[in-house]
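Novice: Have a look at this one.
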Amino acid sequence: RRVWRGVIEEYRDRLPVSPDTPVVSLREGGTPLLPAAHLSDLTGCDVHLKIEGANPTGSFKDRGMTMAISRAVEAGSQAVICASTGNTSASAAAYAARAGLTCAVLVPNGKIALGKLAQALVHGARLLQLDGSFDDCLRVARELADTFPVTLVNSVNPFRLEGQKTASFEIVEDLGSAPDVHCLPVGNAGNITAYWRGYVEEDARSGAGRPRMHGFQAAGAAPIVRGSVVDRPQTIATAIRIGNPASWDLAVRARDDSGGGIDAVTDRQILAAYRLLAHREGVFVEPSSAASVAGLLQARAAGRVEAGERVVCTVTGNGLKDPEWAISGAARPVTIPATVAAAATALDLHGS
Ligand code: F0G
65 RRVWRGVIEE YRDRLPVSPD TPVVSLREGG TPLLPAAHLS DLTGCDVHLK IEGANPTGSF
125 KDRGMTMAIS RAVEAGSQAV ICASTGNTSA SAAAYAARAG LTCAVLVPNG KIALGKLAQA
185 LVHGARLLQL DGSFDDCLRV ARELADTFPV TLVNSVNPFR LEGQKTASFE IVEDLGSAPD
245 VHCLPVGNAG NITAYWRGYV EEDARSGAGR PRMHGFQAAG AAPIVRGSVV DRPQTIATAI
305 RIGNPASWDL AVRARDDSGG GIDAVTDRQI LAAYRLLAHR EGVFVEPSSA ASVAGLLQAR
365 AAGRVEAGER VVCTVTGNGL KDPEWAISGA ARPVTIPATV AAAATALDLH GS
């Protein structure tokens, strides 16, 4: 068994680092690419899930954060700042703690999942809850980083997308070539941009081919689909509750250059996919992550993905971050006396 060393050490020659870059890593990346038997049956496709919730802080953000924090340390930065719907702040807080940097995070008040809030706090980040949206948080964070000596570690930091592109390298390595279609949720639109960059670079290097990139926004927060900024984005998928994505133009280019699409899925579709993943594939993701699978089902029904095609859906974050939705949709637990008889009755067990 070989030890996985984290994305910078694994892909050093394909990332903007030098031998002098101090590597700040939690050994992120190297996540499972899991065949999805039920989804394959449902769609007639060969469906795989890229399980990014298996990263150290429970989301894909760690791939980018190892790069952003390592380069911030190299540049002599003492403090980092980010706006976040939760996962970026959790990741920034963890990597900053490891590097001994101060970390400030700006989040929309009351609109991030409890587990993510806990992560930022336990790692000692300075947490500001702004009365506004994620887009307001990002505007304020960018201005602070322009004015004061703090490094912005949102995906507008160029090193973030460089780190995140490594997921595509891993997928090609696991499959032996690029898939036909890649589905993923779209919020601030950095990740779809990063995956496309990764596939294009890998194709130039090894001739692995390129997938059609299919991104999915929540219907109440779908500015790219509508073609205009959404002032008050609404969705239960809080991670992608974004009305004015920073990487809008790059995501549109990834969509068009790859021959893919960016479409909307409703909260109802997202929750159905969320439950399907948990019930049938044994994979517990946060609701936003299920947008990729909801999107695949929709695209397949619309004929935009064909039977027999090989599809990868990125599931971006771990379900434990946002347990509220798991509990509210499930059967209520049964409370019983601590006896075999009571347990057998409650479970409808009968003797043979
Ligand atoms: N899925 C999850 C779980 C996310 O946390 C995010 C973004 C996305 C998908 C969308 O990725 O922004 O690159 O298009 N979360 C950011 C954050 C905005 O602050 O944690 P994207």
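Numbering-wise (our numbering), the sequence shown opens with residue 65 and increments by one. For every residue, glycine included, the Cβ atom is placed at its ideal position computed from N, Cα and C.
Hey, A285 and V293 are a contact pair by Cβ (cut 8 Å); roughly how many whole angstroms apart?
Specialist: Position 221 of the sequence shown, counting from 1, holds the residue named residue 285. Position 229 of the sequence shown, counting from 1, holds the residue named residue 293. In fact, because the Cβ distance is near 11 Å, the residues do not count as touching under 8 Å.
Novice: Closest to L335 by C-alpha separation, out of R374, V376, V289, G383, would be which residue?
Specialist: In the sequence shown, counting from the first residue as 1, residue 335 sits at position 271. Looking at the Cα atoms, G383 is the closest of the given residues.
Novice: Return the chain-ordered list of same chain residues with a C-beta closer than 8 Å to the C-beta of W444, the five sequence neighbours on each side being excluded.
Specialist: Within the shown structure, residues of the chain are numbered from 65 to 416, placing residue 444 beyond reach of any answer.
Novice: Do A355 and F280 have their C-beta atoms within less than 7 Å of each other?
Specialist: Taking the first residue of the sequence shown as position 1, residue 355 is located at position 291. Taking the first residue of the sequence shown as position 1, residue 280 is located at position 216. Contact: yes.
Novice: Ignore the nearest five residues each way along the sequence and tell me which others in M131's own chain have a CB closer than 6 Å to its CB.
Specialist: The residue you call residue 131 lines up with position 67 of the sequence shown. Same-chain partners within the cutoff: F223, E226, G227.
Novice: Under 7 Å, do Q193 and N218 count as touching if we go by C-beta distance?
Specialist: For this step, residue 193 is matched to residue 129 along the sequence shown. For this step, residue 218 is matched to residue 154 along the sequence shown. Contact: no.
Novice: Could you tell me the distance, in whole angstroms, from the CA atom of T149 to the CA atom of A101?
Specialist: Looking up residue 149 in the sequence shown gives position 85. Looking up residue 101 in the sequence shown gives position 37. Roughly 31 Å separates the two Cα atoms.
Novice: Here's the rule I'm using: 16 or more other beta-carbon atoms within 10 Å means buried, otherwise exposed. How should E58 be labelled?
Specialist: This structure gives no information on residue 58, because the portion of the chain shown stretches from 65 to 416.
Novice: When you compare each of R319, F212, A410 to R274 by their alpha carbons, which one comes out closest?
Specialist: Within the sequence shown, the letter at position 210 stands for residue 274. Among R319, F212, A410, the Cα nearest to that of R274 belongs to R319.
Novice: Helix, strand or coil: which one does DSSP assign to L411?
Specialist: If you number the sequence shown from 1, residue 411 lands on position 347. When DSSP states are grouped into helix, strand and coil, L411 belongs to the coil group.
Novice: Assuming A147 and C201 form a contact by the criterion Cβ under 8 Å, report the distance between their Cβ atoms to the nearest whole angstrom.
Specialist: In the sequence shown, the residue the question calls residue 147 occupies position 83. In the sequence shown, the residue the question calls residue 201 occupies position 137. Rounded, the Cβ-Cβ distance is 4 Å, consistent with contact.
Novice: Cα separation between G240 and D110?
Specialist: For the purposes of this step, residue 240 is identified with residue 176 of the sequence shown, where counting begins at 1. For the purposes of this step, residue 110 is identified with residue 46 of the sequence shown, where counting begins at 1. Using only the alpha carbons, I get a separation of about 14 Å.
Novice: Nearer than 6 Å: is that true of the beta carbon of G254 relative to any heavy atom of the ligand F0G?
Specialist: Position 190 of the sequence shown holds residue 254. Indeed, a heavy atom of the ligand F0G lies less than 6 Å from the Cβ.
Novice: May I ask whether a heavy atom of the ligand F0G can be found less than 6 Å away from the beta carbon of P297?
Specialist: As a position in the sequence shown, residue 297 is number 233, starting the count at 1. Result no, Cβ not under 6 Å from the ligand F0G.
Novice: Excluding the 5 residues flanking C167 on each side, which residues of the same chain have their C-beta closer than 6 Å to its C-beta?
Specialist: By 1-based counting over the sequence shown, the position of residue 167 is 103. Around C167: V144, A156, A157, A160, A189.
Novice: Along the chain, which unbroken stretches of the beta strand (DSSP E) at least 3 residues long are found entirely within the stretch 128–175?
Specialist: 143–147, 166–172
Novice: Return the CA-CA distance between V245 and G381, expressed in angstroms with no decimal places.
Specialist: The residue you call residue 245 lines up with position 181 of the sequence shown. The residue you call residue 381 lines up with position 317 of the sequence shown. Looking at the two C-alpha atoms, the distance is approximately 20 Å.
Novice: Measuring straight from C-alpha to C-alpha, what distance separates S141 and L165?
Specialist: Within the sequence shown, the letter at position 77 stands for residue 141. Within the sequence shown, the letter at position 101 stands for residue 165. Going by the C-alpha atoms only, they are around 8 Å apart.
Novice: When every heavy atom of the ligand F0G is checked, does at least one fall within less than 6 Å of the C-beta of S104?
Specialist: Here residue 104 corresponds to residue number 40 of the sequence shown, with the count starting at 1. No, since every heavy atom of the ligand F0G falls outside the 6 Å radius drawn around the Cβ of S104.
Novice: Report the three-state DSSP secondary structure of I235 (helix, strand or coil).
Specialist: Numbered from 1 along the sequence shown, position 171 holds the residue referred to as residue 235. Helix, per DSSP.
Novice: What are the residues that DSSP puts in a beta bridge with L191?
Specialist: Here residue 191 is taken as the residue at index 127 of the sequence shown, counted from 1. In DSSP, L191 forms a bridge with V169.
Novice: If we require 4 or more residues per run, which alpha helix (DSSP H) segments fall completely within the stretch 342–366?
Specialist: 355–365
Novice: What are the partner residues of Q281, as DSSP defines its beta bridges?
Specialist: For this step, residue 281 is matched to residue 217 along the sequence shown. Per DSSP, A328.
Novice: From A209 to H187, what distance separates their C-alpha atoms?
Specialist: Locating residue 209 in the sequence shown gives position 145, counting from the first residue. Locating residue 187 in the sequence shown gives position 123, counting from the first residue. The straight-line gap from Cα to Cα measures roughly 21 Å.
Novice: Rounded C-beta distance between A301 and P351? I'm assuming under 8 Å.
Specialist: For the purposes of this step, residue 301 is identified with residue 237 of the sequence shown, where counting begins at 1. For the purposes of this step, residue 351 is identified with residue 287 of the sequence shown, where counting begins at 1. Confirmed, Cβ separation roughly 5 Å.
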